[in-house]
Amino acid sequence: MSDQVSVMTGNEAAANAARLARVQVIAAYPITPQSPVVEQLAAWVESGELPAEFVAVESEHSAMTVCIGASTVGARTFTATSSNGLAYMTEQVWWAPGARLPIVMCVVNRAMAAPWNVLNDQQDSMSVRDAGWVQLFCRDNQEILDTTVQAYRIAERLHVPVMVCYDGFLLSHTMMPVAVPTPEQIDAFLPPFTEPFTVVDPGDPHNIGPVVMAEPRADETGATRGGYMEIRALHHRALLDALAIIPETDAEYASAVGRSWGGLTWEHLLDAAEVVLVAAGSLGTQLTVTAEQLRSEGIKAGVLGIRAYRPFPVEALRDKLAGRRLALVFDKALSYGYEGPICSDLRGAMLGSDGAPAVFGAVCGLGGRDVSPEDLAEAARRALTDLDAGARTRETDWINLHLEG
Amino acid sequence: MHARMSARGSGSQMSEISMSRPAVGEAGRTGDWRNNRPVIDAAKCLAVKQGKVTCQICWVYCPDGCIAQGVGPVIDLTYCKGCGICAEECPAGAIEMQPESLHGVCAVDETGEAAR
Amino acid sequence: MDTLTREHGMYEIRWHGRGGQGAVTSAKVLADAAFRSGFEGVTSQPSFGAERRGAPITASSRLAHESIRILSQVTTPDIVVVLDDSLLSVANATTGMRPGGTIIVNTVKTASELGLDGDLRVVTSDVTGAAEAAELIVAGQPMVSTAILGAFAAATGLITMDSVEAAISHAFHGPAAKKNIDAARIAFECTRA
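Chains as they are written, first to last, in my numbering: chain A, 445 to 849; chain B, 1057 to 1172; chain C, 51 to 243.
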């Protein structure tokens, strides 16, 4: 292993990954806290260190549109955005997976307006979790680099776009040591993208993306082609295939580069844990410190980190949470009018499962509200107190909220 | 028919994306959608009057490509949806949109009428 | 939480500067220098908030001999670095400092003249003078952001000057790197612990 270790921000790590993946087309619009990713890539394109086409667009909607066009003709594409920028490209965020285009996008997680807030939470990614992208969350800057490279392999094997999500500022702007693989290592892992589903051949012209009817019908050759529901069922099946492809890809990456990130989920101190703390992203990293603190107090705490949020790893979660007393799910987002999205999904997956734990939810860090390992430990102690008192359901616990001022 | 969705294995021959080769009538007999059909008056059609393939503005503007160039142009009523753009754009005012009820909805001409 | 960091053998550092003065650069180059000095775990981050030139800003760093897993704001720093002594009256630079902590101030005053209360070790260094001596002037102002790392090295012994120079060379290129290194060396010599 001949990695070069440098101290760099999460944004720099993402840019390095796109460069190592030999992306061919980049189209992006700046938005805090994503901007440095694109600035670095633009500088490399300008200097020739990255022989890619950089398309300056006037909006995020156009950024994703350019990626859709480029991916349609078989180019490996990259974009990145946050928050309202992701919202601006929403219809295209839905288009790309329906069109089965293996675009990779980094989402630098930031709060949604209104009100305006440039700081971290995970609401932006959650707002498009249903669109049919693979969604992966990173717990530190090393994982950002490795996962963004892996994302291309996953996307191109499945023909499904992949969203690599990482916390704005907490990771994007925070420097930490990152080992940068060599181009040789990555080339051995990631072959060129050569087989899009789309046919772009002047000698054999095709309509790409025409209107589809409700029912299957015969095409011009008499072959039966799916209606909307069949096409979407195949898309959904590809996401279910991702449940195996994501860990396989992680294992292949480990062979090539020497680092593994656990596939769909990761864990810390999970052995014999009675209370499992669950989160996605850098919150999970902090929870490992929390779990160690709770263990030192005699509380059998452990951490189950969500790496793949979509597809949702139902079987893995049922398997790892069976027999526990409590799963406390920390969301940095809310489905307004209900509860944290990861909490809902996890509780739903546990229903009917043997040995399912009680599932309580906590919301923290909205709009960049600081949350420390001790804050998380206090939340766990509160949850356990309520559980021990016989609570089977519980309102969402808002951490560090100051409504009284 | 209900299908249990599972990963891998149960291969489908259906295409994963919406893609097709260009073909006449690829979207079906869209002529059935019509309420009004375009009728070209040969006496006013510039191509007919000049005896050559000229003007052809209706052919240029048809959004469905169901007008063929000609002296005068020929409208394919199997697919013409009756949008009326050809009538709107004809510089000679030679095209009139006539209700289908005048022509008998059940009897659709395969080649369309170039002249009364 | 005291025990979380103490038991992990972690140093928490808070930087105070004015927007545009380079405090974020100081934190970044420190992280690199600390990593080169043998700290396996380092993080540096700017204060996350609205920033503008001249406004008081903070940055945070953490150094440890294992991977750092805490990303929340530094609230109980072991070490505070003040890039501009005029900030002492507007920003509560000593807030949350651990007993026995070290505060490093860019100033021509003496420690006692600064009048900082508490169980603190006050270290002063004329970093502005060092930058001027090295002709490290940017946009008409002496740039103290890297020079202050020389004072940090002298005051704490946590990083070596070799690592500071290597980190500066990585962050800056050509003649700029040399001037920054010179300023840091002079600041190292001028530090009064």
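For every residue, glycine included, the Cβ atom is placed at its ideal position computed from N, Cα and C.
When only Cα atoms are considered, A:Val722 and A:Val451 end up about 28 Å apart.
Proximity of chain A to C:Ile120 at the Cβ level (cut-off 9 Å) is accounted for by Thr729, Gln730, Val733, Ser816 and Pro817, in chain order.
Per DSSP, A:Phe613 lies in no beta strand (DSSP E) and is assigned neither H nor E.
Collapsing the DSSP output to three states places A:Asp694 in a helix. For the set B:Val1080, B:Gln1154, B:Gly1128 and B:Ser1157, the Cα lying nearest the Cα of B:Asp1120 is the one of B:Val1080. About 7 Å separates the CB atoms of A:Ala595 and A:Leu580; that is less than 8 Å, so the two are in contact.
Straight through space, the alpha carbons of C:Ser111 and C:Val140 are spaced by roughly 22 Å. Below the 7 Å Cβ cutoff, chain A contributes no neighbours of B:Pro1119, its closest Cβ being approximately 14 Å away.
One alpha carbon belongs to A:Asp568, the other to A:Ala695, and they sit about 29 Å apart. About 19 Å separates the beta carbons of A:Ile630 and A:Tyr610, which is beyond the 8 Å limit, so they are not a contact pair. When the alpha-carbon of A:Ala543 is set against those of A:Tyr473, A:Glu483 and A:Ala682, the nearest one is in A:Ala682. A residue is called buried when at least 16 other Cβ atoms come within 10 angstroms of its Cβ; B:Gln1106 does not meet this threshold and is exposed.
Close to C:Asp176, with beta-carbon spacing below 8 Å, lies no residue of chain A; the smallest spacing is near 28 Å. In this structure, the straight-line span from the alpha carbon of A:Met673 to that of A:Leu714 is close to 40 Å. Sixteen is the threshold: when 16 or more other Cβ atoms of the shown chains lie within 10 Å of the Cβ of C:Lys229, as they do, the residue is buried. Proximity to A:Ala471 across A:Glu718, A:Ala465, A:Arg597 and A:Val482 peaks at A:Val482, based on C-alpha coordinates. When A:Thr453, A:Ala766, A:Ile743 and A:Ala823 are compared, the shortest CA-CA separation from A:Ala800 is found for A:Ala766. Here the alpha carbon of A:Asp590 sits roughly 38 Å from the alpha carbon of A:Leu831. With the criterion set as a beta carbon lying under 7 Å from some beta carbon of chain A, the members of the region 80–107 of chain C are Ala81, Asp82, Phe85, Val92, Thr93, Ser94, Gln95, Pro96 and Phe98, in sequence order.
For C:Ile129, the enclosing beta strand (DSSP E) starts and ends at Ile129 to Val132. For C:Ala114, the enclosing beta strand (DSSP E) stretches over residues Pro106 to Ala114. Assigned with DSSP and collapsed to three states, C:Val140 falls in coil, not helix or strand. When C-beta atoms of the region 502–517 of chain A are compared with those of the region 532–541 of chain A, three or more pairs fall below 8 Å, so the two segments count as touching.
Between the region 145–153 of chain C and the region 181–200 of chain C, the count of Cβ pairs shorter than 8 Å is below three; the stretches do not touch.
Not flagged as an interface residue toward chain A: C:Lys229, since no C-beta distance is shorter than 7 Å. Counting along the chain, the unbroken beta strand (DSSP E) around C:Leu170 starts and ends at Leu170 to Ser175.
For C:Lys159, none of the residues of chain A pass the 8 Å Cβ criterion, the least Cβ distance being about 32 Å.
Residue state for A:Gly529 is assigned as helix, using DSSP reduced to three classes. If you check each beta-carbon in the region 744–756 of chain A against every beta-carbon of chain C, none falls closer than 7 Å. In the DSSP assignment, C:Ser94 is bridged to A:Met619 and C:Ser111. Put simply, the region 744–754 of chain A does not touch the region 795–811 of chain A. Fewer than three CB pairs are less than 8 Å apart. Straight-line spacing of the CA atoms in A:Pro785 and A:Asp775 works out to 7 Å. Along the region 1067–1092 of chain B, the positions whose C-beta sits under 9 Å from a C-beta of chain A are Ser1068, Gln1069, Met1070, Ser1071, Glu1072, Ile1073, Ser1074, Met1075, Ser1076, Arg1077, Pro1078, Ala1079, Val1080, Gly1081, Glu1082, Ala1083 and Gly1084, read in chain order. Just measuring C-alpha positions, the residue of A:Gly612, A:Cys550 and A:Asp574 sitting nearest C:Ser97 is A:Gly612.
Residue-level contact by beta carbon holds for C:Gln123 and chain A, with a gap shorter than 7 Å.
In the DSSP assignment, A:Leu580 is bridged to A:Val608 and A:Ala752.
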